[in-house]
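Just below is one structure, and these are the notes that go with it.
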Amino acid sequence: MTRIGAVAAGFSRDVAFDLARIGTLVEHARRDGVQLLVLPDAALGGYLDDIVEPDPSSLPPALHPDGPELAAVAAMAKEMVVCVGFCEADGERCYNTAACLTGDGLLGLHRKVHQPPGESRVYAAGSEFRAIDTPVGRLGMLVDYDKTFPESARSLALDGAQVLACLSAWPTSVTNRAPRMSEDRQSRLFDLYDRSRAAENQVVLVSSNLTGTSGGMRFLGQAKVVGPDGEILARTWSKAGIAVAELDVESSLAGVRRVLAHLEERRPDVDR
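Position 145 (the sequence shown) corresponds to 145 in our numbering; numbering is contiguous.
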């Protein structure tokens with residue numbers, strides 16, 4: 001059995017504050033027996049202040065994958081697998097990136113491929129989806145808007161991913177925002193995408209998200225663990241916290257694929 005945790009929490013441009021909060025979350029998860037912990041997008045350094053017209057001069061701190069910040073998260077992780085989002089520095093470019101770590105170091109990176117128009121003004125786009133081997137199984141990472149596109153999750157599933165880690169900085173609607181967060185259309189879409197990507201690929205999906213605000217944006221929270229049948233196993237709703245679920249990953253995938261195996265029954269000769 002594998003215990004999986006999805007985090008909903010707020011982070012800031014203060015990396016020292018973020019590392020302290022990550023340390024607290026990791027320790028809480030460890031006491032609960034969590035083996036895979038998925039932190040939100042931008043958990044190290046915070047997110048953009050404006051998703052429509054971001055200011056290139058006020059980006060989050062740009063960090064290097066081999067820098068001291070990710071090394072600190074790896075040291076906190078120890079035997080746990082931890083996924084965390086950050087603004088990655090690569091020469092003159094910056095990427096919205098997710099990292100997967102254990103105490104032994106970096107297991108893999110994913111640079112966000114799909115970008116809303118505002119974000120594409122300040123971040124370069126990634127160019128691939130690739131699953132990685134981890135102590136909790138083969139895992140693929142998505143960064144928020146990536147999961148809107150079915151092809152993103154499908155590419156990872158076809159590469160053998162058993163678990164999808166979806167790290168988000170997902171706000172309420174930019175226009176026509178509902179008075180209550182639970183009634184906002186982005187709240188409904190966030191859950192719909194999580195459940196759909198899990199069910200259509202018959203994989204476990206772990207969805208993290210920011211809480212709180214940044215500039216004019218208010219983040220949804222709604223962290224959750226979704227089974228390969230699309231059912232939500234644990235969730236935080238709109239509150240900060242860790243949604244924890246325990247399941248046998250291989251057995252649960254085999255169970256839902258016993259009669260209908262979506263990946264095997266595709267028609268790539270017809271699909272476009």
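From the three backbone atoms N, C-alpha and C, an ideal C-beta is built for every residue, glycine too.
Near residue i, which residues of its chain fall below 7 Å by C-beta distance, leaving aside the five closest residues on each side in sequence?
{"i": "A89", "result": "A62, L63, H64"}
{"i": "V52", "result": "G118, V174"}
{"i": "G126", "result": "Y95, H110, R111, K112, V113"}
Assuming residue i and residue j are in contact, meaning their beta carbons sit under 8 Å apart, how far apart are those beta carbons, in whole angstroms?
{"i": "C100", "j": "C87", "result": "Going by Cβ atoms, the distance from C100 to C87 rounds to 17 Å, so no, they are not a contact pair."}
{"i": "L107", "j": "A131", "result": "The Cβ separation is near 11 Å, so there is no contact."}
{"i": "V163", "j": "V204", "result": "5 Å"}
{"i": "Y95", "j": "A124", "result": "5 Å"}
{"i": "T213", "j": "A240", "result": "Incorrect: roughly 13 Å between the Cβ atoms, too far for contact."}
{"i": "S207", "j": "S168", "result": "7 Å"}
Compute the Euclidean distance between the alpha carbons of residue i and residue j, then round it to the nearest angstrom.
{"i": "E151", "j": "A165", "result": "15 Å"}
{"i": "L277", "j": "D146", "result": "No information on residue 277 is available, as it lies outside the stretch 1 to 272 that the chain covers here."}
{"i": "G46", "j": "D269", "result": "43 Å"}
{"i": "A234", "j": "L44", "result": "24 Å"}
{"i": "G230", "j": "F11", "result": "29 Å"}
{"i": "R218", "j": "R154", "result": "29 Å"}
{"i": "P171", "j": "S58", "result": "19 Å"}
{"i": "T97", "j": "L36", "result": "18 Å"}
{"i": "V81", "j": "V143", "result": "17 Å"}
Please list the terminal residues of the continuous beta strand (DSSP E) segment that includes residue i.
{"i": "A43", "result": "No beta strand (DSSP E) contains A43, which DSSP labels as neither H nor E."}
{"i": "G5", "result": "2-9"}
{"i": "K110", "result": "The sequence given here places His at residue 110; Lys does not occur at that position. First-last of the beta strand (DSSP E) with H110: 105-111."}
{"i": "A234", "result": "232-235"}
Just to confirm the assignment, what range does the alpha helix (DSSP H) spanning residue i have?
{"i": "I22", "result": "15-31"}
{"i": "V73", "result": "68-77"}
{"i": "V127", "result": "Position check: residue 127 holds Ser in this sequence, whereas Val was assumed. Element bounds for S127: n/a, residue is neither H nor E."}
Excluding the 5 residues preceding and the 5 following residue i in the sequence, name in chain order all residues of the same chain whose CB lies nearer than 8 Å to its CB.
{"i": "L253", "result": "Q162, Q202, V203, V204, P228"}
Quick one: residues in its chain with C-beta nearer than 6 Å to the C-beta of residue i, no 5 flanking neighbours on either side, listed in chain order?
{"i": "T102", "result": "A77, V81"}
{"i": "G5", "result": "A29, V34, L37, I242, V244"}
message: Report the start-end ranges of each alpha helix (DSSP H) in the region 138-190 that is 4 residues or longer and not cut off at the edges.
response: 150-158
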